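Chemist:
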Amino acid sequence: MKVRLAYPDKLVIVEEDRVIMFNGKLIEGELNEVLSYAEGGQGVIPDELKKVAVDIKRAVDVMRMQIGIRGREVEMLVY
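Residue numbers (my numbering): 818 to 896.
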């Protein structure tokens with residue numbers, strides 16, 4: 818899964834289990850830490866990622882939901 822979020826002053830890329838942000842400098846974090854921070858404030862991530870953690874969680878949730886829907890559609894076609 819690859820997700821890109823574009824902001825006027827930064828670009829965020831989620832790829833597999835990593836989150837990469839470029840806002841004039843390169844910032845990286847673990848996806849599970851970012852999601853943990855977005856869900857409950859727990860997680861060791863750079864301050865820059867804390868500002869967009871909720872957006873990342875929403876985007877990842879939407880992508881996972883779409884992947885699940887596609888999987889069910891394929892299953893339905895097979896049966």
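All C-beta atoms, glycine included, are put in the ideal place defined by N, C-alpha and C.
These figures come from a predicted structure and were not determined experimentally.
Report the rounded CA-to-CA distance for Leu-843 versus Ile-837, giving the unit in angstroms.
Modeler: Each residue's alpha carbon lies about 7 Å from the other.
Chemist: Assign Val-879 to one of two classes, buried (16 or more other C-beta atoms within 10 Å of its C-beta) or exposed (fewer than that).
Modeler: With fewer than 16 Cβ atoms within 10 Å of its Cβ, Val-879 is classed as exposed.
Chemist: Thinking C-beta only, is Val-851 closer than 8 Å to Ile-830?
Modeler: No.
Chemist: Beta strand (DSSP E) containing Gly-846: first to last residue?
Modeler: Unbroken beta strand (DSSP E) run through Gly-846: 843-847.
Chemist: Considering only their Cβ atoms, is the gap separating Val-869 from Leu-822 smaller than 8 Å?
Modeler: Yes, the Cβ-Cβ distance between Leu-822 and Val-869 is below 8 Å.
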